[in-house]
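Beneath this line is the structure, given in C-alpha cells, with notes to follow.
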Amino acid sequence: MPHTEASPRAAGSSRAAEASNAGGRAFGAGRSLRPATKVLPEHARAHNRSLVMQTLFHQGAMSRADLSRETGLTRVTISDLVSELIADRLVVEQGTREASGPGKPAILVDLDRDGHRIIGLDLSGSDRFLGAVLTLDGDIVARHEVAVPGAHDLIVDTVTALARALVADAHAPVLGVGVGSPGVVDDHGIVLTAPNFGWTGVDLQGILTEALALPVLVANDANAAVLAEYTFGGAHDDVMLVRVGRGVGSGLLAGGQPMRGSRFAAGEIGHVTVGTDGGPACACGKIGCLEAWLAAPSLHARSEAPGADRDATLRDAGERLGIALAPIVGALDLSEIVLSGPPHLLDGPLAEATVETLRTRTLAEFHDGVHVRMTAQGEDIVLRGAAVMVLSGRLGVS
Ligand SMILES: [Zn+2]
Numbered sequence: 202m203p204h205t206e207a208s209p210r211a212a213g214s215s216r217a218a219e220a221s222n223a224g225g226r227a228f229g230a231g232r233s234l235r236p237a238t239k240v241l242p243e244h245a246r247a248h249n250r251s252l253v254m255q256t257l258f259h260q261g262a263m264s265r266a267d268l269s270r271e272t273g274l275t276r277v278t279i280s281d282l283v284s285e286l287i288a289d290r291l292v293v294e295q296g297t298r299e300a301s302g303p304g305k306p307a308i309l310v311d312l313d314r315d316g317h318r319i320i321g322l323d324l325s326g327s328d329r330f331l332g333a334v335l336t337l338d339g340d341i342v343a344r345h346e347v348a349v350p351g352a353h354d355l356i357v358d359t360v361t362a363l364a365r366a367l368v369a370d371a372h373a374p375v376l377g378v379g380v381g382s383p384g385v386v387d388d389h390g391i392v393l394t395a396p397n398f399g400w401t402g403v404d405l406q407g408i409l410t411e412a413l414a415l416p417v418l419v420a421n422d423a424n425a426a427v428l429a430e431y432t433f434g435g436a437h438d439d440v441m442l443v444r445v446g447r448g449v450g451s452g453l454l455a456g457g458q459p460m461r462g463s464r465f466a467a468g469e470i471g472h473v474t475v476g477t478d479g480g481p482a483c484a485c486g487k488i489g490c491l492e493a494w495l496a497a498p499s500l501h502a503r504s505e506a507p508g509a510d511r512d513a514t515l516r517d518a519g520e521r522l523g524i525a526l527a528p529i530v531g532a533l534d535l536s537e538i539v540l541s542g543p544p545h546l547l548d549g550p551l552a553e554a555t556v557e558t559l560r561t562r563t564l565a566e567f568h569d570g571v572h573v574r575m576t577a578q579g580e581d582i583v584l585r586g587a588a589v590m591v592l593s594g595r596l597g598v599s
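Each number in the working numbering corresponds to the 1-based position in the sequence shown with 201 added.
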C-alpha cells in the first residue's frame with residue numbers, strides 16, 4: 202500500500218467527487234492520470250471502473266459497501282463493476298471482515314496485487330540501461346541491467362533484449378512495459394530527439410510493442426520520474442522534479458496533471474542560459490546553460506579539482522539552479538521542488554543555496570514556503586515512474 206492516509210488523491214473523497222475536471226492527460230498515455238469524478242454516460246463505465254481501481258489502489262482491501270461509500274457510486278453499480286473486474290482478473294476477493302453489527306460479515310475485495318507484474322526500463326544512465334520487474338505497488342522484485350552499447354545502431358536491439366529478459370523473469374502476466382528514455386518523447390512514445398543516442402523520430406514504443414506483443418508506454422525519463430514521486434513519494438499536485446545526471450531535465454505536474462508542452466518538451470530546462478555573466482561552456486555551444494553549471498560529471502570534476510573550494514562550487518551551482526527555477530515557481534505557483542541525482546552533489550550546500558536563492562527571488566508572501574527536498578526514490582525513480590505510466594495507461598490508476 203503506497204498510501205494509507207486520507208489525502209485529496211484518494212479517489213471518491215467528497216472534494217474529489219465535487220471536482221469538475223474529468224479529462225486529464227498523462228505522459229505517454231492517452232488517458233486521464235487520476236480520474237476522480239463521474240462523467241458523461243458514454244464514458245462513465247470505463248471512468249467508474251478506473252475510479253474503483255484507484256480507490257482500491259490507494260486505500261487497500263475493502264467491502265463493496267465501503268467502495269460504494271468511497272466512490273459515490275451506487276451499490277448496484279459497484280457490484281456490477283467489481284464482478285467485471287474479477288472476471289478480468291484485476292480484482293480478487295480476500296475473505297471476510299468481522300461484522301461490526303448484525304448481518305453477515307462483509308467480503309473484502311482488492312486489486313490482484315500479486316496476480317500481475319509491470320516491467321520498467323530506465324534508459325537515462327550514461328553507462329548502463331536499468332530494468333526491473335515491479336509489483337502493482339511499485340516494489341521491485343527482479344532487476345536486470347546491460348551496458349549501453351557504444352554504437353548507436355545497437356541501442357534499439359539492446360533495449361529490446363533487456364525487455365525480453367525481464368518479461369521472461371516476470372513469472373506472472375505482464376500488465377505492460379514502461380520506458381523512461383532520455384530526449385523529447387511525444388504522446389505516442391516516439392522519441393523525437395535523443396542526441397546521446399543519435400535518435401531522431403525513433404518509434405521506440407511501436408518497435409517494442411511489436412517485438413514484445415505487450416502494451417508499451419515510452420516517456421521522457423524526467424516525466425516518468427515525477428510520476429514516481431507523485432504516486433509513491435507523496436509529492437503535491439504542483440511539483441517540479443529536477444533530474445541532474447549527465448544532463449539536466451525536469452518533469453512538471455500542475456494541478457495534479459502532467460505538463461507536456463506544445464512540442465512535448467515541457468521541463469527541458471537544461472539549455473536555458475542562467476544569467477548574463479558568462480559561466481561554463483556548454484556542449485550545445487552556448488555559455489552558462491543550466492546544464493553546464495549542474496551536469497553531474499563536470500560539477501563533480503570542478504568540485505573535486507585540486508585547490509577547488511568544494512562547498513563554494515556546489516553553492517554556485519545551487520544558486521544558478523535557484524535563479525533558473527524562481528520564475529517557474531512564480532509562474533506556476535509550485536509548492537515543491539524535488540531533486541533527483543547524486544546526493545553527494547545535490548544534498549547539502551547546493552540544495553541550501555537553491556532554497557536561499559528561491560526565497561530572495563520570489564514573492565515572499567506566497568512562495569516562502571516552497572519546499573526543496575531530495576527524492577526518497579533513489580536510483581529507482583525512473584523504473585518506478587515507468588511502472589506508474591503503465592498503471593495509469595492500463596488501469597487509470599496513479
Ligand atoms: Zn547548452
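Even glycine gets a Cβ: it sits at the ideal position worked out from N, Cα and C.
Assuming residue i contacts residue j under a Cβ cut-off of 8 Å, what Cβ separation, rounded to an integer in Å, is found between them?
i, j, result
"A420", "V386", "5 Å"
Find out if the Cβ-Cβ distance for the pair residue i, residue j is shorter than 7 Å.
i, j, result
"V449", "L540", "no"
"A423", "S451", "yes"
"R250", "L274", "no"
"V366", "H345", "The displayed chain sequence assigns Ala, not Val, to residue 366. Yes, the Cβ-Cβ distance between A366 and H345 is below 7 Å."
"P350", "T359", "yes"
"L363", "G332", "yes"
"C490", "T474", "yes"
"L454", "V440", "yes"
"L376", "V591", "yes"
"T653", "G508", "The displayed coordinates of the chain run from 202 to 599. Any statement about residue 653 would go beyond what the structure contains."
"G434", "A247", "no"
Out of the options, which has the shortest C-alpha to C-alpha gap to residue i?
i, options, result
"H572", "T555, E580 and I582", "T555"
"R318", "D340, W400, G326 and D328", "D340"
"L309", "I279, F330, S327 and G326", "I279"
"G316", "A307, D338 and I529", "D338"
"V530", "R562, G549 and R585", "R562"
"A502", "K487, A518 and I488", "A518"
"H389", "L312, S499 and I408", "I408"
"I356", "V591, V334 and S325", "S325"
"S382", "D370, N397 and A369", "N397"
"A552", "D512, I488, A484 and A506", "D512"
"M254", "L241, Q578, T272 and K305", "T272"
"H311", "V293, P550 and D328", "First, the amino acid is wrong: residue 311 is Asp here, not His. When each option's Cα is compared against that of D311, the closest is V293."
"Q295", "S327, S269, G261 and I320", "G261"
"A369", "L415, S284 and H353", "L415"
"A482", "S499, L533 and S504", "S499"
"L596", "T256, L546 and S284", "T256"
"T514", "H545, G594, A245 and L428", "H545"
Residue i by DSSP, collapsed to three states: which one?
i, result
"V591", "helix"
"E346", "strand"
"G224", "In this predicted model, G224 has a pLDDT of only 40, less than 50, meaning its place in the structure is not dependable enough to derive any value."
"G231", "For G231, the pLDDT reaches just 49, beneath the cut-off of 50, and the residue's location in the model is therefore unreliable, leaving the point undetermined."
"D581", "helix"
"I488", "strand"
"P459", "strand"
"E469", "coil"
"V427", "helix"
"T563", "coil"
"V475", "coil"
"H248", "helix"
"S536", "coil"
"R329", "strand"
"G523", "helix"
"V277", "helix"
"M202", "The predicted model places M202 with a pLDDT of 39, which falls under 50 and marks its position as unreliable; any figure quoted below should be read in that light. Three-state DSSP puts M202 in coil, outside helix and strand."
"S499", "helix"
"S264", "strand"
"R447", "coil"
"V146", "Nothing about residue 146 can be read from this structure; the chain reaches only from 202 to 599."
"R298", "strand"
"T576", "coil"
"S382", "strand"
Does any residue of chain D have a CB that is nearer than 7 Å to the CB of residue i?
i, result
"V293", "Protein chain content of the structure displayed is limited to a single chain, and chain D is not contained in it."
Checklist line | Inter-stretch contact at 8 Å, needing at least 3 Cβ pairs: the segment 528–547 / the segment 572–582 | finding: The segment 528–547 is in contact with the segment 572–582.
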